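Encoded as structure tokens, the structure appears first; notes follow it.
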Amino acid sequence: MRRIGVVGCGLMGSGIAEICARAELDVIVVEADEAGVSIGRRQIENSLGRAVAAGKMSGTQRAVAFDRITFETDIGALHDRDLVIEAVSEDEDLKVHVFKQVDKVIEHEKVLLASNTSSIPIMKLAMATRRPEKVVGLHFFNPAPVLPLVELVTSLLTSPETAAKAERFATTTLRKRIVRSKDRAGFVVNALLIPYLLSAIRMLESGFATAEDIDAGMVDGCAHPMGPLALTDLIGLDTTKAVAESLYEEFKEALYAPPPLLSRMVEAGLLGRKTGRGFYEYPNR
Ligand SMILES: NC(=O)c1ccc[n+]([C@@H]2O[C@H](COP(=O)([O-])OP(=O)(O)OC[C@H]3O[C@@H](n4cnc5c(N)ncnc54)[C@H](O)[C@@H]3O)[C@@H](O)[C@H]2O)c1
0 MRRIGVVGCG
10 LMGSGIAEIC
20 ARAELDVIVV
30 EADEAGVSIG
40 RRQIENSLGR
50 AVAAGKMSGT
60 QRAVAFDRIT
70 FETDIGALHD
80 RDLVIEAVSE
90 DEDLKVHVFK
100 QVDKVIEHEK
110 VLLASNTSSI
120 PIMKLAMATR
130 RPEKVVGLHF
140 FNPAPVLPLV
150 ELVTSLLTSP
160 ETAAKAERFA
170 TTTLRKRIVR
180 SKDRAGFVVN
190 ALLIPYLLSA
200 IRMLESGFAT
210 AEDIDAGMVD
220 GCAHPMGPLA
230 LTDLIGLDTT
240 KAVAESLYEE
250 FKEALYAPPP
260 LLSRMVEAGL
270 LGRKTGRGFY
280 EYPNR
């Protein structure tokens, strides 16, 4: 699989496009509009710039990698891809729509369709296509160029050949480590992580402790690289809420219910780093 399509070029899509380009693959990124393209393009340029500054690649390698990425707003541009990775916002209706569109523009039956969803069961997306056996979850982590993990999620209808090809792509081509998950909302990592993040938000909301103390407790007391509120800011409060809602819809357990403070902050546009303010402020984002 050398020709890759990525739909959505936000936090995750830009990182996925970047690692595919750095793995010498030909990448077409599709965004919703020109504004999305220019934000996505800038994110990739900045991230590649950081890789050069950190000595991980030369200026020439950066230019070559960037040249492998084409930016489009027409989903029809994906017609000749071998693998399409969907990374649009965590919204089930939107993702179902995107899977229907991608399925329509790709005629070749060998093509694999993957979703980077954090929580939506893969079956719901697979059934929007004519090829549920070719649909799989490839869940990267943020920032995708840095974190080594990919969750490989197979639905009841994913074929063993699709699972094997997706695994080879993640491990051999992209040099990621995989963990396998059954098709349950949240998969392995977010089923564990999200209740923890929501507990920290409830703790802050109840006035039990300050944001700084909650985060310092987990960084200095438990050796986590980042506290739960800073991590929620990094993930995006909108994405965190959407993932919590998928988990709640699937399991109906109170620990997955988004706390009111999270909902109010999302309504206020306080989405974390990406908007410059969440639980903390980011003046230089
Ligand atoms: N943020 C994280 O830490 C994280 C980690 C792992 C996985 N994910 C998952 O990755 C996916 C994307 O999340 P994100 O954090 O990158 O969100 P984001 O809001 O940063 O980016 C989403 C992008 O999708 C684009 N988009 C929306 N509709 C589109 C369409 N019809 N066609 C093309 N592009 C469209 C938006 O313009 C935006 O740029 C979600 O499913 C999320 O759950 C997120």
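If you're matching positions, the sequence shown starts at 0 in numbering that gives the first Met the number 0 and goes up one per residue. Note that the Cβ used here is the ideal one computed from N, Cα and C, for glycine as well. Source: prediction; values computed, not measured.
Minimum C-alpha distance to residue i - residue among the options
i      : options                           : result
Val145 : Tyr281, Gly4 and Gly14            : Gly14
Ile234 : Ile84, Glu244 and Ile193          : Ile193
Ile38  : Val63, Met56, Met11 and Thr128    : Met11
Ala290 : Val152, Ala20 and Asp32           : As displayed, the chain neither begins before 0 nor continues past 284, which places residue 290 out of reach and without an answer.
Ser198 : Asp214, Ile84 and Asp237          : Asp214
Ala256 : Val265, Val242, Leu269 and Gly268 : Val242
His138 : Lys123, Glu266, Glu280 and Ala165 : Ala165
Lys175 : Glu150, Arg183, Phe186 and Met264 : Glu150
Ile84  : Ala53, Arg2 and Met126            : Arg2
Lys251 : Ala184, Ser46 and Gly277          : Ala184
Thr69  : Glu30, Phe168 and Phe207          : Glu30
Ala16  : Met122, Asp90 and Ala86           : Ala86
Val188 : Arg130, Arg167, Thr170 and Val152 : Val152
Val95  : Thr274, Leu77, Pro131 and Arg41   : Pro131
Arg272 : Ala163, Lys133, Tyr281 and His223 : Tyr281
heavy atom of ligand 1 below 7 Å from residue i C-beta
i      : result
Met0   : no
Arg107 : Checking the sequence shown, residue 107 turns out to be His, not Arg. False, no ligand heavy atom lies under 7 Å from that Cβ.
Thr238 : yes
Leu228 : no
Glu89  : yes
Ile234 : yes
His78  : no
Glu30  : yes
Asn45  : no
Gly216 : no
Lys273 : yes
Gly4   : no
Cys8   : yes
Leu261 : no
Gly58  : no
Met11  : yes
Phe139 : yes
Cutoff 8 Å; reference residue i; Cβ partners in own chain excluding five residues on either side
i      : result
Pro259 : Glu204
Asp32  : Thr72
Arg129 : Asp102
Cβ-based neighbour list, residue i, same chain, cut-off 7 Å, excluding 5 preceding and 5 following
i      : result
Gln100 : Ile74
Leu196 : Pro227, Leu230, Thr231 and Thr239
Gly58  : Val51
Gly35  : Cys8
Tyr247 : Tyr255 and Ala256
Phe140 : Leu146 and Leu148
Bounding residues of the alpha helix (DSSP H) (the contiguous stretch that carries residue i)
i      : result
Gly12  : Leu10 to Arg21
Asp212 : Ala210 to Cys221
Thr116 : Here Thr116 belongs to no alpha helix (DSSP H), and DSSP marks it neither H nor E.
Gly58  : Gly58 to Asp66
Leu203 : Val188 to Glu204
Leu260 : Pro259 to Glu266
Ser245 : Leu236 to Phe250
Met122 : Ile121 to Ala125
Start-to-end residues for the beta strand (DSSP E) that takes in residue i
i      : result
Asp25  : Asp25 to Val29
Arg40  : Here Arg40 belongs to no beta strand (DSSP E); instead the alpha helix (DSSP H) covers Glu33 to Ala52.
Ile84  : Leu82 to Glu85
Phe139 : Val134 to Phe139
Glu150 : Leu148 to Val152
Val5   : Arg2 to Val6
Arg167 : Careful: Arg167 lies outside any beta strand (DSSP E), inside the alpha helix (DSSP H) at Pro159 to Arg167.
Val104 : It is not in any beta strand (DSSP E) - Val104 instead sits in the alpha helix (DSSP H) that spans Glu91 to Val104.
Ile177 : Arg176 to Ser180
Residues near residue i in its chain [Cβ-Cβ closer than 6 Å; skip 5 each side]
i      : result
Glu249 : Ala184
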